[in-house]
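Line by line, the protein sequences give chains A and S.
Reminder that position 35 of the first sequence reads as 35 in this note's numbering, one-by-one numbering, no gaps.
Reminder that position 428 of the second sequence reads as 608 in this note's numbering, one-by-one numbering, no gaps.
We put the CB at the ideal spot given by N, CA and C, even for glycine.
Report on the structure given below.
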Amino acid sequence: MNIITIKNIFSRLFATHILISLCMLLMLGLANAELVTKEQIKGLDEQVQDIKKDVLGISTELNLLEEKLLFPSSTQISIFFSLEGNTSFQPDAIKVDLDSKNVAHHIYTFKEVSALQKHGVQHIYTGNIRTGEHSLQVSVIGKDGGSKKTDIASHSITKGVGPQFVEIRLTGAGVKFRNW
Amino acid sequence: MLNSEIGEIVLRHTLITILTLFFTCNVMSAAAGSIVKDSVQAGGELKDLYFGEALFHASQKRYFDAISRLDTELAQYYGLDEPSLNSLYYHIDNAEFSVGDFELYYRMHNRAGRAIKAVIEGNVEEKVRNEAIYRLAKIYYQKQQPLNALNTIEKLNGEVPEKLRYEEPFLRAQIYIATGKFSNAIKLLKGIEGADGFKAYAGYNLGVALFQNGNEEEGIAQLNKVGLITSGDDRVLAMRDKANLVLGFRLLEAEKPSLAKQYLQRVRLKGPFSSKALLGSGWAAAATGSYDRALVPWTMLATRNITNRSVQEVLLGVPYAYGKLKIYGKAAILYGQALETYSKEIERLDASVTSIRQGKFLEAVIREELKKDTNWLINLRNLPDTPETHYLAEMMASHDFQESLKNYFDLSELQKRLDHWGNYLSAYDEIIKIRAAYYEPLLPVIGTQFRALDSKMKLRTEQRDKLDKRLKKMLVSPRPDFLTTVDERIVLQQIDQIKNKLEKQGLLDVRALHRITRLKGVITWNVNTQYHDRFTKAVEHLRELDEHIDKLNENYRSFVRTRQAATQSYRGYDKQIQRLRIKIRSAVGKVKVLMARQGNLIEVMAVNELENRRRRLEEYQVKARFAMAESYDRATKKQQEQQIRVEREKKKKADQEQNKENNEK
Numbered sequence: 001m002n003i004i005t006i007k008n009i010f011s012r013l014f015a016t017h018i019l020i021s022l023c024m025l026l027m028l029g030l031a032n033a034e035l036v037t038k039e040q041i042k043g044l045d046e047q048v049q050d051i052k053k054d055v056l057g058i059s060t061e062l063n064l065l066e067e068k069l070l071f072p073s074s075t076q077i078s079i080f081f082s083l084e085g086n087t088s089f090q091p092d093a094i095k096v097d098l099d100s101k102n103v104a105h106h107i108y109t110f111k112e113v114s115a116l117q118k119h120g121v122q123h124i125y126t127g128n129i130r131t132g133e134h135s136l137q138v139s140v141i142g143k144d145g146g147s148k149k150t151d152i153a154s155h156s157i158t159k160g161v162g163p164q165f166v167e168i169r170l171t172g173a174g175v176k177f178r179n180w
Numbered sequence: 181m182l183n184s185e186i187g188e189i190v191l192r193h194t195l196i197t198i199l200t201l202f203f204t205c206n207v208m209s210a211a212a213g214s215i216v217k218d219s220v221q222a223g224g225e226l227k228d229l230y231f232g233e234a235l236f237h238a239s240q241k242r243y244f245d246a247i248s249r250l251d252t253e254l255a256q257y258y259g260l261d262e263p264s265l266n267s268l269y270y271h272i273d274n275a276e277f278s279v280g281d282f283e284l285y286y287r288m289h290n291r292a293g294r295a296i297k298a299v300i301e302g303n304v305e306e307k308v309r310n311e312a313i314y315r316l317a318k319i320y321y322q323k324q325q326p327l328n329a330l331n332t333i334e335k336l337n338g339e340v341p342e343k344l345r346y347e348e349p350f351l352r353a354q355i356y357i358a359t360g361k362f363s364n365a366i367k368l369l370k371g372i373e374g375a376d377g378f379k380a381y382a383g384y385n386l387g388v389a390l391f392q393n394g395n396e397e398e399g400i401a402q403l404n405k406v407g408l409i410t411s412g413d414d415r416v417l418a419m420r421d422k423a424n425l426v427l428g429f430r431l432l433e434a435e436k437p438s439l440a441k442q443y444l445q446r447v448r449l450k451g452p453f454s455s456k457a458l459l460g461s462g463w464a465a466a467a468t469g470s471y472d473r474a475l476v477p478w479t480m481l482a483t484r485n486i487t488n489r490s491v492q493e494v495l496l497g498v499p500y501a502y503g504k505l506k507i508y509g510k511a512a513i514l515y516g517q518a519l520e521t522y523s524k525e526i527e528r529l530d531a532s533v534t535s536i537r538q539g540k541f542l543e544a545v546i547r548e549e550l551k552k553d554t555n556w557l558i559n560l561r562n563l564p565d566t567p568e569t570h571y572l573a574e575m576m577a578s579h580d581f582q583e584s585l586k587n588y589f590d591l592s593e594l595q596k597r598l599d600h601w602g603n604y605l606s607a608y609d610e611i612i613k614i615r616a617a618y619y620e621p622l623l624p625v626i627g628t629q630f631r632a633l634d635s636k637m638k639l640r641t642e643q644r645d646k647l648d649k650r651l652k653k654m655l656v657s658p659r660p661d662f663l664t665t666v667d668e669r670i671v672l673q674q675i676d677q678i679k680n681k682l683e684k685q686g687l688l689d690v691r692a693l694h695r696i697t698r699l700k701g702v703i704t705w706n707v708n709t710q711y712h713d714r715f716t717k718a719v720e721h722l723r724e725l726d727e728h729i730d731k732l733n734e735n736y737r738s739f740v741r742t743r744q745a746a747t748q749s750y751r752g753y754d755k756q757i758q759r760l761r762i763k764i765r766s767a768v769g770k771v772k773v774l775m776a777r778q779g780n781l782i783e784v785m786a787v788n789e790l791e792n793r794r795r796r797l798e799e800y801q802v803k804a805r806f807a808m809a810e811s812y813d814r815a816t817k818k819q820q821e822q823q824i825r826v827e828r829e830k831k832k833k834a835d836q837e838q839n840k841e842n843n844e845k
């Protein structure tokens, strides 16, 4: 929509001879200004998109390499943390012990809790263990209906030949585990 | 509260609202198209933890991590012989769509467009397909390709997801407006005008469409309606102000200043459009010749932050009004003050341009602590040697600048990642070296021992297989002789030896032969009568043997796996790491160049904006100088006229007195 500007009104009200000198000034100014065209912006944006694609490709390759090199499937254990839908237990912090050794601890930001509530799953730990029996102990500190709550739970894992995935799920009834 | 304080609040508010309004469109599209929240709900229970991890990143707007995670999962998924056995199989449609969605948020429109097109062309549910069409049309619209957007949105057919109930017609109407199909847009906008969350936006757009369609009166009525909306939402109130402002200026342009005034006065004093409204209000009064009334809003406006365009303009407006009221002296003084203010502002602008050209603006905008604060743009000016951001506020809210700035942020993030990755590769090289140094001397020895054990194992396994075959045959044709014990076989051998010996010695008579046969018969008897027990035991022993063999085989496989894992832990990575190193190095170079170009573009945009403002101020300076001179002339002239009048009066009085005296004489 064309909106009249004050400049237009002002110009009408002021003497016309001023405009001539203004135009000259304006032209002088324009001669010095470096122009930024839409094409320039678009062209650069496309190049940025291309480099993003390249870097994402590198990231994918690195993820695969890292998994193969650092966490081969025969020894890999990955631990995830999630919230049960509609649970009133909101985590503030979590501590994960594997075979009585602390392997992960995390303090949650508001954004992270919100992401967990939207069905996001946090990948909290990846490591290597031998095949056989292992113990997992998890302690979660948080709030439930405004009051502080701490829940500690243990779980045993039998590591087989393939990669082992364990989901720690925070529910209204406390911490639950699921082997994947 | 002091007027200047109000001015500062208004400015801060304006800045935030301009940015908020700029993002309104995106926010609304985010609410409409966001798959993050609904991905799992749509597909039921979460079946793939890594898909959940991607959602976790995306919900926190960490789109690079989200895309990277999903790309990795998809690469693994499509590399499988039987993908249907993979847990991602249950979310594959959502995963494909989500990648496109995340790419869109990461402003990779080209790739997102391709991903979404793939979903549209794929075998997906009608709702998913329609959502994809909506998303693609939105991409085209945002990329200022309205015809492509129109062609895409018209492919939409059938059921639309509930969350797009109003979003879809709103987008469609926007596309129609952009392509000049105003009557179609009007029809759609009338349908959603009353919907929650759309009242102000749809209503305002409807007003615009009506004006553009030539329905002037209806347009005025529509904007008037939007201008009266009540709400607690700042964004809606800002839209209300905008409607009133647009209407006011449209009527001013149509030379209906009295009507215009009533709309301009509706604009909130603390809103983002208040300065413009105050300026317009003054002009509406001035246009009717009420310069004294014009001075009320203008004087209020003149005390606000000087960087505001309207405030800079009103510095000329106030003395202009005084001039019209024939208070030339005051007008001349105010023009002089305006000149001084403009000079100071020009100096500030020059300093800001210098600061930008020295790269301080870019250094400041990528500071982490600024990015975490939503008021970062306002806080930017508190940093040392940074440019005056008040002047850049409007430009910074523009689409082109925002996109350029985001690209610059993204490039800076990519640079950090690439630097980290370069270090990772060096660490990987070291790990591989250490592993090789450990395993290389061990593996040949272990290999030799393993081969010896392997041949023994093969032998024993063959023996076991023979026994198994024999036992199976004995089920069909019993062979008791196969079930004699070792002792019995020895005894039978001994009996045969005795028999041969006696025969050689010629002592094998009937009695001895009978005894030998009887002894052999005892064993045969035992073997035959105990055949079933012995057979069962033999089978049981074979099962026991199988258990040991199973364990042996498991150990064997475990050993093979471990040996393979040991080999794979350091062999075969060289080429891959080398390739990645080259790719990273090349990407680092490209990012560096692009950052420089993007940074330069941002600086040029900022400098251009400041220079535009500078030119405007110079323009005002010229006007102020002429007007000041004119005012002084008029003031002097007025003063002279007054003086002449006084002198004339004096002379007249003196003449009268003289005449009086003369008459008396």
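| Asked | Found |
| --- | --- |
| N385(S) and A423(S) closer than 8 Å at C-beta | no |
| CB of F80(A) within 8 Å of CB of L229(S), strictly | yes |
| Beta-carbon proximity list for A692(S), same chain, < 7 Å, skipping 5 on both sides | L682 |
| Buried versus exposed, by CB contacts within 10 Å (16 or more), R659(S) | exposed |
| Selection from A786(S), V702(S), I513(S) that minimises the alpha carbon distance to T664(S) | V702(S) |
| Cα-Cα separation between K684(S) and L647(S), rounded to whole angstroms | 37 Å |
| Candidates L70(A), Q47(A), S147(A), L56(A), of which the one nearest A745(S) by Cα | L70(A) |
| Three-state class that DSSP yields for G377(S) in the structure shown | coil |
| Residues in the region 105-118 of chain A having any Cβ partner in chain S nearer than 8 Å | K111, E112, S114, A115, L116, K118 |
| Terminal residues of the alpha helix (DSSP H) in which A329(S) lies | 326-333 |
| Under 8 Å (Cβ pairs) to chain A, residues found in the region 263-292 of chain S | S267, Y286, R287, M288, H289, N290, R291 |
| CA nearest to the CA of A380(S), picked from N404(S), F362(S), T359(S) | N404(S) |
| L542(S) Cβ short of 7 Å to the ligand MN heavy atom set | Looking for the ligand MN in the displayed structure turns up nothing, as the structure carries no ligands at all. |
| Against chain S: residues of the region 157-172 of chain A by CB proximity under 9 Å | V161, F165, E167 |
| Partner residues on chain S for D45(A), Cβ-Cβ distance less than 7 Å | E583, N587 |
| Partner residues on chain S for I41(A), Cβ-Cβ distance less than 8 Å | D580, E583, S584, L781 |
| Residues near D472(S) in its chain [Cβ-Cβ closer than 7 Å; skip 5 each side] | L505 |
| Given 8 Å, three or more beta-carbon pairs between the region 329-348 of chain S and the region 306-313 of chain S | yes |
| Stretch pair the region 40-50 of chain A + the region 227-242 of chain S: three plus CB contacts closer than 8 Å | no |
| Contacts that F71(A) makes with chain S (C-beta to C-beta distance below 9 Å) | The premise fails here: F71(A) is roughly 11 Å from chain S at the closest Cβ pair, so nothing lies under 9 Å. |
| C-alpha distance - T476(S) paired with R448(S), whole-angstrom precision | Position check: residue 476(S) holds Val in this sequence, whereas Thr was assumed. Approximately 16 Å between the Cα atoms of the pair. |
| Cβ-based burial, E837(S) [other Cβ within 10 Å; buried from 16] | exposed |
| Below-8 Å beta-carbon distance, W705(S) vs any chain A residue | no |
| Partners in chain A for R741(S), counting only beta-carbon separations shorter than 8 Å | S74, V161 |
| V666(S) to L633(S) span [Cα, whole Å] | 28 Å |
| Neighbour-count burial assignment, G752(S), 16 or more Cβ in a 10 Å radius | exposed |
| Separation of F231(S) from K772(S), as counted between CA atoms | 32 Å |
| Cutoff 8 Å: I51(A) Cβ touching any chain S Cβ | yes |
| Best match in Y508(S), G503(S), G407(S), L481(S) for proximity to L495(S) [C-alpha to C-alpha] | L481(S) |
| Spatial neighbours of V768(S) in its chain, beta-carbon cut-off 8 Å, leaving aside the 5 residues before and after | Q595, L598, D599, G602 |
| Burial state of H579(S), where buried means 16 or more other Cβ atoms lie within 10 Å | exposed |
| Beta-carbon proximity list for K803(S), same chain, < 7 Å, skipping 5 on both sides | L496 |
| Proximity below 8 Å, CB of Q492(S) to CB of L797(S) | yes |
| Residue span of the alpha helix (DSSP H) that contains D754(S), given as start and end | 754-844 |
| Whole-angstrom distance between R650(S) and S657(S), CA atom to CA atom | 10 Å |
| Residues that DSSP places opposite I124(A) in a beta bridge | Note: I124(A) sits in no beta bridge, so no partner. |
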